[in-house]
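Per the UniProt record's numbering, the very first residue in the sequence shown carries number 1; after that it's consecutive.
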Amino acid sequence: MVHQRVVGGKDTYLGKAPWMCSLFFEDKHVCGASVISRNWVVTAAHCVITRNPIYLSVTLGTLNLTGPSSTGVSIKVKTVIPHQMYSGDGSSGDIALIELKTPINFTRLTLPVCLPPPSMDFPEGMNCWVTGWGDTGSGGSEPANGVLQKVMVPLIDYKTCDQMYHVNSSEDPNTVIIQTEKICAGYKNGQKDSCRGDSGGPLVCKVQGVWYQVGVVSWGEGCAFPHRPGVYTLVTLYQDWISRYLQVKF
Numbered sequence: 001m002v003h004q005r006v007v008g009g010k011d012t013y014l015g016k017a018p019w020m021c022s023l024f025f026e027d028k029h030v031c032g033a034s035v036i037s038r039n040w041v042v043t044a045a046h047c048v049i050t051r052n053p054i055y056l057s058v059t060l061g062t063l064n065l066t067g068p069s070s071t072g073v074s075i076k077v078k079t080v081i082p083h084q085m086y087s088g089d090g091s092s093g094d095i096a097l098i099e100l101k102t103p104i105n106f107t108r109l110t111l112p113v114c115l116p117p118p119s120m121d122f123p124e125g126m127n128c129w130v131t132g133w134g135d136t137g138s139g140g141s142e143p144a145n146g147v148l149q150k151v152m153v154p155l156i157d158y159k160t161c162d163q164m165y166h167v168n169s170s171e172d173p174n175t176v177i178i179q180t181e182k183i184c185a186g187y188k189n190g191q192k193d194s195c196r197g198d199s200g201g202p203l204v205c206k207v208q209g210v211w212y213q214v215g216v217v218s219w220g221e222g223c224a225f226p227h228r229p230g231v232y233t234l235v236t237l238y239q240d241w242i243s244r245y246l247q248v249k250f
């Protein structure tokens, strides 16, 4: 399994994904994350579970992580809360909340993404977007160029995704690979996907003009391989947990 999982994408324009941020550990990009309020961002549990929060920071409001930026802002992390169900590779609960030491100053370049209400339906085949600073070559062969990438991918429900992951797999056909609290996105023949360095970033879908975060980049097998779409933690199933820590309207 490859955690730090955008292949087949293109550069993003400044302000097009204002919720997108980079999680830094010891001054290096390790994962994506997304702004959900002035004090909190959400990412994947596997991005933070083994890392000391003292050395974590979040960079917002920029597209380029390697070149000079007049818009980027870095904020230190105060608290990290991984979901209690997360137990390692491929497990449930691959989601984490990060509380920041200082509040985010919202601008046109930095804004929160909306979290969907429980009743909102995101049907299989719906085209959504994933953004990230991860590797850009199939199989993770090309390192990121430092510019935020975006790619459109159709949603795949967990049952269909589980069937796809059993193709050319050594796993028993009755073994569950994709849990019910996951959603997948990608193409049967590969070509477009999230990749290494994209973990923790948002999968967003536009409904009636509003962008909602449907998933958190969790894991995948390779990058943009056939029958191996990206696997995401389904945000709607963790709304009660999120609400314990912060006031967000769903």
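Ideal Cβ placement from N, Cα and C applies to all residues, glycine included.
- Item | Residue of Val216, Leu237, Lys206 and Trp241 minimising C-alpha distance to Ser119 | Within the sequence shown, residue 119 is the residue found at index 119, counting from 1. Comparing Cα-Cα distances from Ser119 to each of Val216, Leu237, Lys206 and Trp241, the minimum goes to Leu237.
- Which residues mark the beginning and the end of the beta strand (DSSP E) in which Ser150 is found? Against the sequence shown, residue 150 aligns to sequence position 150. In the sequence on display, residue 150 carries Lys and not Ser. Lys150 -> beta strand (DSSP E) spans Gln149 to Ile156.
- Message: Whether or not the segment 146–155 and the segment 120–134 are in contact is what I'm after, with contact meaning three or more pairs of Cβ atoms, one per stretch, closer than 8 Å; do they touch?
- Response: yes
- Query: Where does Tyr86 sit, in a helix, a strand or coil, going by DSSP?
  - Reply: For the purposes of this step, residue 86 is identified with residue 86 of the sequence shown, where counting begins at 1. Correct three-state label for Tyr86: coil.
- Task: Pull up the distance between the alpha-carbon of Val216 and that of Ala17, whole angstroms please.
- Result: Counting from 1 along the sequence shown, the entry for residue 216 is found at position 216. Counting from 1 along the sequence shown, the entry for residue 17 is found at position 17. Using only the alpha carbons, I get a separation of about 15 Å.
- Local Cβ density within 10 Å of Val6, reported as buried at 16 or more and exposed below that: Locating residue 6 in the sequence shown gives position 6, counting from the first residue. With a pLDDT of 47 at Val6, under the threshold of 50, the predicted position of this residue should be treated as unreliable, and no value is reported.
- Compute the distance between the beta-carbons of Val214 and Cys161, then report whether it is under 8 Å. For the purposes of this step, residue 214 is taken as residue 214 along the sequence shown, with counting starting at 1. For the purposes of this step, residue 161 is taken as residue 161 along the sequence shown, with counting starting at 1. No, they are not a contact pair.
- Answer with buried or exposed for Tyr212, where buried requires no fewer than 16 other C-beta atoms within 10 angstroms of its C-beta. Residue 212 sits at position 212 when you count from the first residue of the sequence shown. Under a 10 Å Cβ-count criterion, Tyr212 is classified as buried, with 16 or more other Cβ atoms of the shown protein chains found around its own Cβ.
- Message: Suppose contacts are defined by Cβ-Cβ distances below 8 Å. Is Thr71 in contact with Leu23 by that definition?
- Response: Reading the sequence shown from its first residue, position 71 is the one you call residue 71. Reading the sequence shown from its first residue, position 23 is the one you call residue 23. Going by beta carbons, Thr71 and Leu23 fall outside the 8 Å limit.
- Query: In chain order, what residues of the same chain have a beta carbon less than 6 Å from the beta carbon of Gly32, not counting five sequence neighbours either side?
  - Reply: Locating residue 32 in the sequence shown gives position 32, where the first residue counts as 1. Cβ neighbours of Gly32 beyond the five flanking positions: Gly132, Asp198, Gly200 and Gly201.
- First and last residue of the alpha helix (DSSP H) that includes Trp241? Numbered from its first residue, the sequence shown carries residue 241 at position 241. Run containing Trp241: Gln239 to Tyr245, per the alpha helix (DSSP H) assignment.
- Find out if the Cβ-Cβ distance for the pair Arg38, Ile104 is shorter than 8 Å. For this step, residue 38 is matched to residue 38 along the sequence shown. For this step, residue 104 is matched to residue 104 along the sequence shown. With a cutoff of 8 Å on beta-carbon distance, Arg38 and Ile104 are scored as near each other.
- Message: Rounded to the nearest angstrom, what separates Val77 and Gln247 at their Cα positions?
- Response: Position 77 of the sequence shown, counting from 1, holds the residue named residue 77. Position 247 of the sequence shown, counting from 1, holds the residue named residue 247. C-alpha separation (whole angstroms): 19 Å.
- Message: Between Val113, Ile49 and His166, which has its C-alpha nearest Gly93's C-alpha?
- Response: Within the sequence shown, the letter at position 93 stands for residue 93. That would be Ile49, whose Cα lies nearest to the Cα of Gly93.
- Any heavy atom of the ligand MN within a distance shorter than 7 Å of the CB on Asn127? Questions concerning the ligand MN fall outside what the structure shown contains, since it holds no ligand whatsoever.
- Message: Rounded to the nearest angstrom, what separates Trp219 and Gln239 at their Cα positions?
- Response: By one-based count along the sequence shown, residue 219 stands at place 219. By one-based count along the sequence shown, residue 239 stands at place 239. Answer to the nearest angstrom: the Cα atoms are 21 Å apart.
- Message: Among Ser243, Gln208, Thr107 and Gln84, whose alpha-carbon lies nearest the alpha-carbon of Met20?
- Response: In the sequence shown, the residue the question calls residue 20 occupies position 20. Among Ser243, Gln208, Thr107 and Gln84, the Cα nearest to that of Met20 belongs to Thr107.
- When you compare only the Cα positions, how much space is there between Gln179 and Gln208? Sequence index remark: in the sequence shown, residue 179 carries index 179 (1-based). Sequence index remark: in the sequence shown, residue 208 carries index 208 (1-based). Cα to Cα, the separation comes out at about 29 Å.
- Task: Could you tell me which residues DSSP puts in a beta bridge with Thr59?
- Result: Locating residue 59 in the sequence shown gives position 59, counting from the first residue. Paired residue(s): Ser22 and Ser74.
- Message: Distance check for Asn174 and Leu111, CA to CA, integer angstroms please.
- Response: Numbered from its first residue, the sequence shown carries residue 111 at position 111. Numbered from its first residue, the sequence shown carries residue 174 at position 174. C-alpha separation (whole angstroms): 43 Å.
- Status (buried if at least 16 other CB within 10 Å, exposed otherwise) for Lys159: Indexing the sequence shown from 1 puts residue 159 at position 159. Label assigned to Lys159: exposed.
- Query: If we ignore side chains and look at the alpha-carbon of each, how far apart do Met126 and Val80 end up?
  - Reply: Reading the sequence shown from its first residue, position 126 is the one you call residue 126. Reading the sequence shown from its first residue, position 80 is the one you call residue 80. Each residue's Cα considered, the two are about 32 Å apart.
- Query: Would the beta-carbon of Cys205 fall within 8 Å of that of Phe122?
  - Reply: Your numbering for residue 205 matches position 205 in the sequence shown. Your numbering for residue 122 matches position 122 in the sequence shown. A contact, by the Cβ cut-off of 8 Å.
- Message: Using the Cβ count rule (16 or more neighbours within 10 Å means buried), how would you classify Ser141?
- Response: The count along the sequence shown starts at 1 and reaches residue 141 at position 141. Note on Ser141: pLDDT 38, under 50, position unreliable in the model; no value is reported.
- Cβ separation of Ile75 and Ser57, assumed to be a contact under 8 Å, to the nearest whole Å: For the purposes of this step, residue 75 is taken as residue 75 along the sequence shown, with counting starting at 1. For the purposes of this step, residue 57 is taken as residue 57 along the sequence shown, with counting starting at 1. With 8 Å as the limit, Ile75 and Ser57 qualify as a contact, their Cβ atoms being about 6 Å apart.
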